[in-house]
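J.: Encoded as structure tokens, here's the structure I'll be asking about.
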Amino acid sequence: MRRQSSPKRTKFIFVTGGVVSSLGKGLCAASLGALLENRGLNVGLQKLDPYLNVDPGTMSPTQHGEVFVTDDGCETDLDLGHYERFVSHRMSRHSNYTSGQIYSAVLEKERKGDYLGQTVQVIPHVTNEIKQAILTAAEGTDVLICEIGGTVGDIESLPFLEAVRQLRFELGSDNAIFVHLTLLPYLPTAGEIKTKPTQHSVMKMREIGIQPDILVCRADHPIESDIREKIALFTNVALAHVIPMLDAATIYDVPLSLHESRLDDAVCELLNIWSREPQLHEWRRIVDVIKNPANQVKIGVVGKYVDLHESYKSLSEALVHGGIANNAGVQIVFLDAEQISTRGPSLLAELDGILVPGGFGKRGSAGKIEAIRWAREHEIPFFGICLGMQLAVIEYARNVAGIEDAQSTEFEDNPAHPVIALMDEQEKVTHKGGTMRLGAYGCELIQNTLARRIYGEPHVSERHRHRWEFNNAYREPLREAGLVLSGMSPDAKLVEMIELPASNHPYFIACQFHPEFKSRPTAPHPLFTAFVGAALEHAKLRGS
Ligand code: GLN
């Protein structure tokens, strides 16, 4: 057999899904990553998405949920956010490939004549491109967990499945395995769990030449041993490799429950990996705080896509992490900005903290500005992120600095006072997709500010995803009116953070970047820790 040599003998785990979408493949892959990392392995994760968009950057949040941004400035699938929260490996442009990206690369090579007159086909040209993408992501890792988006049986994912089938053949079964997620539905009328969809999903896999090595079975009812035996018999998967994944109270419980079901043991045995038992005390502590917090806070998130919680995935998780750091449960209340405009800011009473997150477009901006004003005037802890910072600048300009018609040029052409505006290079951009300020940029924190105290260091790096900026022409008037510019780009050309002095407000801070992308349950982001801490203080004051 011709064996493809893997980079540094990386071992590969291909994660696929069957029966229905939204099974939690990303969470399963991330949790497995956490377990293997805790066994001392260097784990990489990768997501292959079958859709034709080159990246999810231009997709509406209603279509795709959150766009996750990597340090190297790629707009990627939200599953990469799960990966970064569960393992320490940082994602990059090699961590997420879409069919669109793969086909673009193949077509570019074809135009350049790289295929030397051959007929360019899905097999081998597209599949080779996919295999190369997987091998590149594997470089430097002991184990690469590669998740294939979509559901087995979809037309779109076939080239990806064919590519990983070939890779397993070339690398050998002790270097590459298949973990397949399925659903075991419970039928209340029959009073039992049904295995047929799982059997059919495995048949579908076998049709394309893939025999899963491990089945992870999602269920909301306990899976009795006779059901597991039946699944094993009909799917050709060893009984010990039929692993239950029951609904969990918190996503951070998933690594612990998968470990109890011996998923990491099964993987290590199949891949012939010798490693220590995972050290899980940190995860146990996290889950314990989430389940039994000593305190409670209520945080209002004022946004536009409030019914689509997936669009604020990293944000909600970062708030939970801030809660973990403060031994507090965070109740997140999503508030529709337009409702605040129509029904008034009374919707905001009872909140211990108000957060205005990132966003695009004018709709809802009036309500968000009202919420910011309420937080400022009622001394409620406030945290503005990206658009949230831009709107806080507009609010301060209009209501404190007396610049009544302050506006962002995102919402209005040629306003009298463009306090938020495009910088020169953004002015020149005409087509969408990857044209924003994206990825990691340095930020210098000014001495004697809340920002500097929170971070505890003068230089930080944070991830951006925006076009508009604080307009430098308004630095002086706003400073004179009491606004503190507490974070600057290293060349001091861009304002990255603003805040109110402690003499004016107990906690009011905003940033042009997205700190939520870098928060982890094991290392909560300082801005979220401090915000939840301030909200906790507010709750105590309110209660006393
Ligand atoms: N719409 C704003 C901009 O592009 C803010 C973007 C965001 O909040 N991510 O600058």
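Every position in the sequence shown, counted from 1, becomes a number in my numbering once 53 is added. For glycine and all other residues, C-beta sits at the position ideal for the given N, C-alpha and C.
Contact defined as beta carbons within less than 8 Å: I believe Ile155 pairs with Val68. What is the distance between those atoms, to the nearest angstrom?
T.: Indexing the sequence shown from 1 puts residue 155 at position 102. Indexing the sequence shown from 1 puts residue 68 at position 15. The Cβ separation is near 18 Å, so there is no contact.
J.: Could you name the residues that DSSP lists as bridge partners for Tyr365?
T.: Position 312 of the sequence shown, counting from 1, holds the residue named residue 365. Looking at the DSSP assignment, Tyr365 forms no beta bridge with any residue, so it has no partner.
J.: When every heavy atom of ligand 1 is checked, does at least one fall within less than 7 Å of the C-beta of Met489?
T.: As a working mapping, residue 489 is identified with position 436 in the sequence shown. The answer is yes for Met489.
J.: For my contact list, His578 and His334 are in at a C-beta cut-off of 8 Å; report their separation, rounded to the angstrom.
T.: By 1-based counting over the sequence shown, the position of residue 578 is 525. By 1-based counting over the sequence shown, the position of residue 334 is 281. About 22 Å separates the two Cβ atoms, so there is no contact after all.
J.: For Arg598, tell me which candidate among Thr395, Leu408, Arg315, Leu404 has the shortest Cα-Cα distance.
T.: This structure gives no information on residue 598, because the portion of the chain shown stretches from 54 to 597.
J.: Evaluate the contact criterion for the stretch 112–129 versus the stretch 75–92: three or more CB pairs, one atom per stretch, below 8 Å.
T.: No, because fewer than three Cβ pairs between the stretch 112–129 and the stretch 75–92 fall closer than 8 Å, the two stretches do not touch.
J.: Given that a residue counts as buried once 16 or more other Cβ atoms are within 10 Å of its Cβ, and exposed if not, what is Thr502?
T.: Along the sequence shown, read from residue 1 onward, the residue named residue 502 stands at position 449. Its Cβ being crowded by 16 or more others within 10 Å, Thr502 is buried.
J.: Measuring CA to CA, which of Leu101, Gly97, Asn95, Asp130 is closest to Met112?
T.: Position 59 of the sequence shown, counting from 1, holds the residue named residue 112. Out of Leu101, Gly97, Asn95, Asp130, Asp130 has the C-alpha closest to the C-alpha of Met112.
J.: Does the beta-carbon of Glu569 have 16 or more other beta-carbons within 10 angstroms, so that it is buried, or is it exposed?
T.: Sequence index remark: in the sequence shown, residue 569 carries index 516 (1-based). By the neighbour-count rule (16 or more Cβ atoms within 10 Å), Glu569 is buried.
J.: Apply the 10 Å Cβ neighbour rule to Glu497 and answer buried if 16 or more other Cβ atoms are within range, or exposed otherwise.
T.: Working through the sequence shown from its first residue, we reach residue 497 at position 444. It is buried - the Cβ of Glu497 has at least 16 other Cβ atoms within 10 Å.
J.: Mind listing, in chain order, the continuous alpha helix (DSSP H) runs of no fewer than 4 residues lying wholly within the stretch 214–255?
T.: Runs found: none.
J.: Within its chain, find whatever has a CB closer than 6 Å to the CB of Asp405; leave out the 5 residues flanking it on each side and keep chain order.
T.: The residue labelled residue 405 in the question sits at position 352 within the sequence shown. Excluding sequence neighbours, Asp405 sits near Val350, Lys351, Ala588, His591, Ala592.
J.: Is the beta carbon of Glu137 less than 8 Å from the beta carbon of Val159?
T.: As a first step, residue 137 must be located in the sequence shown, where it is residue number 84. As a first step, residue 159 must be located in the sequence shown, where it is residue number 106. Contact: no.
J.: Measure the CB-CB distance between Ile187 and Cys199 and report whether it falls below 8 Å.
T.: Residue 187 sits at position 134 when you count from the first residue of the sequence shown. Residue 199 sits at position 146 when you count from the first residue of the sequence shown. Yes, the pair counts as a contact, with Cβ atoms nearer than the cut-off.
J.: When you compare only the Cα positions, how much space is there between Val446 and Val472?
T.: For this step, residue 446 is matched to residue 393 along the sequence shown. For this step, residue 472 is matched to residue 419 along the sequence shown. Val446 and Val472: Cα-Cα distance of roughly 7 Å.
J.: Rounded C-beta distance between Phe584 and Glu515? I'm assuming under 8 Å.
T.: Counted from its first residue, the sequence shown places residue 584 at position 531. Counted from its first residue, the sequence shown places residue 515 at position 462. Phe584 to Glu515, Cβ: 15 Å. No contact.
J.: For Leu580, does the count of other Cβ atoms within 10 angstroms reach 16, so buried, or fall short, so exposed?
T.: Numbered from its first residue, the sequence shown carries residue 580 at position 527. Buried is the call here.
J.: Please classify Met54 as buried or exposed, where buried requires at least 16 other C-beta atoms within 10 Å of its C-beta.
T.: Position 1 of the sequence shown holds residue 54. Confidence is the limiting factor: at Met54 the pLDDT is only 45, short of 50, which leaves the residue's position unreliable and the question unanswerable from this model.
J.: Going along the chain, which unbroken runs of the alpha helix (DSSP H) with 4 or more residues stay wholly within the stretch 506–569?
T.: Whole alpha helix (DSSP H) segments, 4+ residues: 528–533.
J.: Between the C-alpha atoms of Ser84 and Pro554, what's the straight-line distance to the nearest angstrom?
T.: Translated into positions along the sequence shown, residue 84 becomes position 31. Translated into positions along the sequence shown, residue 554 becomes position 501. Roughly 42 Å separates the two Cα atoms.
J.: Alpha carbon to alpha carbon, what distance is there between Val217 and Asn145?
T.: Here the question's residue 145 lines up with position 92 in the sequence shown. Here the question's residue 217 lines up with position 164 in the sequence shown. One point to set straight first is that residue 145 is Ser, not Asn, in the sequence displayed. Looking at the two C-alpha atoms, the distance is approximately 21 Å.
J.: Taking only three categories from DSSP, how would you classify Asp389?
T.: Within the sequence shown, numbered from 1, the residue matching residue 389 stands at position 336. Looking at Asp389 - three-state DSSP - the assignment turns out to be strand.
J.: What separation, rounded to the nearest whole angstrom, lies between the Cα atoms of Ile267 and His233?
T.: In the sequence shown, the residue the question calls residue 267 occupies position 214. In the sequence shown, the residue the question calls residue 233 occupies position 180. Cα to Cα, the separation comes out at about 6 Å.
J.: By the three-class DSSP mapping on this structure, what secondary structure does Glu497 have?
T.: For this step, residue 497 is matched to residue 444 along the sequence shown. Strand at Glu497.
J.: Pair every Cβ in the stretch 318–326 with every Cβ in the stretch 371–387, then say whether three or more of these pairs are closer than 8 Å.
T.: Short answer: they don't touch.
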